[in-house]
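Each remark here refers to the structure printed beneath this line.
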Amino acid sequence: MKIKFNARKYRLTDDVKQRFEKKLAKLDKFFYKDAEAIVSLYKEKIGERVEITVHGKGTLFRAEETDTDAACALDKAVDVLERQIRKNRTRLEKRKQIQPVTSEEDTLYEENKEFKISKVKKFVLDSMTVEEAILQ
């Protein structure tokens, strides 16, 4: 995974870069080698903000966390990214599962079922004349 760093009001040292590369190496197993991660570090009044954007093959994942320390914000952002990736992976796996297809034989069998007669009613009918039918 290629990693690009952006820093605003933040001094980016080699130790910090190595720490970020080590943490982002955990995400390598989810992406192809051509994936690219953009890490942005900002110094703010509240603390330090870390933004990580990962471009994979047709996918984009982004996490943003703020904490008093950049290392804590990095840990939280990597956890968020892992959660997003796992959720996306399970969603894709569920979509790929084969749905059971009913065959024509099953539908024909259901149509040709024999029915049981549960009750028989008999009525005695008297024949009527035309005049009696008109009166009724």
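Quick note on numbering: the sequence shown equals residues 69 to 204 in the working numbering.
Even glycine gets a Cβ: it sits at the ideal position worked out from N, Cα and C.
Since the structure is predicted, the reported quantities are computational estimates derived from the model, not experimental observations.
Could you give the residue range of the beta strand (DSSP E) that holds residue i?
i, result
"VAL188", "It is not in any beta strand (DSSP E) - VAL188 carries neither H nor E in the DSSP assignment."
"LEU109", "104 to 111"
Quick test of your reading: residue i and residue j, contact by CB under 8 Å. State the CB separation rounded to the nearest angstrom.
i, j, result
"ALA138", "VAL118", "6 Å"
"LYS91", "VAL146", "5 Å"
Roughly how many whole angstroms lie between the Cα atoms of residue i and residue j?
i, j, result
"LYS94", "ASN74", "20 Å"
"LEU142", "GLU133", "7 Å"
"THR197", "VAL188", "28 Å"
"SER186", "VAL192", "20 Å"
"HIS123", "PHE99", "9 Å"
"TYR78", "ARG163", "43 Å"
"LEU160", "LYS97", "17 Å"
"GLU116", "ARG157", "30 Å"
"GLN152", "THR127", "11 Å"
"PHE129", "LYS144", "14 Å"
"ARG76", "GLU112", "9 Å"
"LEU80", "GLU89", "13 Å"
"VAL107", "ALA131", "10 Å"
"LYS221", "LYS101", "Any property of residue 221 remains undetermined from this structure, which presents the chain solely from 69 to 204."
"ASP135", "LEU109", "11 Å"
"ASP82", "GLN165", "45 Å"
"LYS70", "ARG154", "21 Å"
"ILE120", "GLU150", "12 Å"
Tell me which residue opens and which closes the alpha helix (DSSP H) that residue i is part of.
i, result
"ALA75", "Here ALA75 belongs to no alpha helix (DSSP H); instead the beta strand (DSSP E) covers 70 to 76."
"GLU89", "82 to 92"
"GLU182", "No alpha helix (DSSP H) holds GLU182; DSSP gives it neither H nor E."
"LEU203", "198 to 203"
Hey, which unbroken runs of the beta strand (DSSP E) at 3 residues or more fall wholly within the stretch 120 to 145? Runs of the beta strand (DSSP E) inside the stretch 120 to 145: 128 to 135.
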